[in-house]
Structure formats: C-alpha cells, structure tokens
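Heads up: the structure comes next, in structure tokens.
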Amino acid sequence: MSDNEVRTHTTFPMTNSDMKKGGHIMIKGRPCKIVEMSTSKTGRHGHAKVHFVGIDIFTGKKLEDIAPSTHTSDVPVVHRAEYRLDGIDDDDEYLLLTDMNGNTKNDVPVPQDDLGLIVKDRLDNGDSSFVTIVSAMGEDACINIREAE
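Note that UniProt numbering numbers the sequence shown so that position 66 is 66, with each residue one more than the last.
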C-alpha cells in the first residue's frame, strides 16, 4: 500500500449466513473469494453449519472452513485500483506504477505466472498498458493488464 492511502480497518465481521458466493472471507488467516458454500441443517447438537470453499486472492490456493451459521467471520476489506504500467524495477521484482493522480507505486511484485510474461512482453514492445491491482491485508497483487486506450 502506498503511504497516501489511509487504511483504518483490514477486516469487518459478518454473520456467516449473510455471506454470498463471489464475496470475500478470511479462511485460515488468508483473504479468499468464496467460490462455493453450503449450509447444513440444524442437528441435535447445535447450530446449522456453513461450509465455505474459498480461493486465496493472492496465491490461488483453495481453502475450506466450516462455521456455525449464526456466528460471524471476518471479511477482508479488498480494494481494486487501476494504474498505468511504467516499467519494472532494476531487480525484476516490482512493477513501477502511476495512479490517475500521478502518485507512484513501486511495491507490487511482478506476477510469477503467465500474466507476468504478458507484462514483460508489453513493456519490451513499448506498449502503453494499465494494470489492475488488488489490495487486502497489507498485500498487493497485479491481477489484470489491458492496453491503454
């Protein structure tokens, strides 16, 4: 996160029964997008349970959790922003970015998958591009690239 972005809360509580597929939830301390959820009926020994299947928004790993439907779970505050792609640092580790207000950002790692190859190709070809950065829990990741219009 850049110094000029003030973040007061990284998560907020939400009742498990109010969660929705496509929303976000913290599973095992990681911010995840909910890709599947199901609710079991109330049994003799307690509350109805909600089974969550989530994909870590930074690593892509599948995580699961089960929690009582009437209890709360933490929901990560997730921000998305678009930046102009200016380059990659000298160590090939971080993207060099500028937001729409002219503020620079240089702490987003170069993606280590096919997206990273596309970023490098666009820069090598001199193509003007914008990237989408997702931020949550003090982490940032590049999730998309598009040509500048």
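Glycine included, each C-beta is placed from N, C-alpha and C at the ideal position. On a predicted model such as this, the values are computed, not experimentally measured, just so you know.
- By the 10 Å Cβ neighbour count, where 16 or more other Cβ atoms means buried, how is N16 classified, buried or exposed? buried
- Item | R122, enclosing alpha helix (DSSP H) - first and last residue | 114–124
- Closer than 7 Å: is that where the CB of F52 sits relative to any heavy atom of the ligand PLP? Of the ligands one can find in the structure shown there are none, so the ligand PLP has no counterpart to examine.
- Task: State the Cα-Cα distance for the pair R80 and H71, rounded to the nearest angstrom.
- Result: 28 Å
- If you check the beta carbons only, do M36 and V53 fall under 8 Å apart? One detail in the question is off: residue 36 reads as Glu in this sequence, not Met. Yes, these two residues count as a Cβ contact at 8 Å.
- Item | Residue from T10, K61, A67, N106 whose Cα sits closest to the Cα of M19 | A67
- Check each candidate in N125, C32, D86, E147 and name the one with the smallest Cα separation from V77. Looking at the Cα atoms, C32 is the closest of the given residues.
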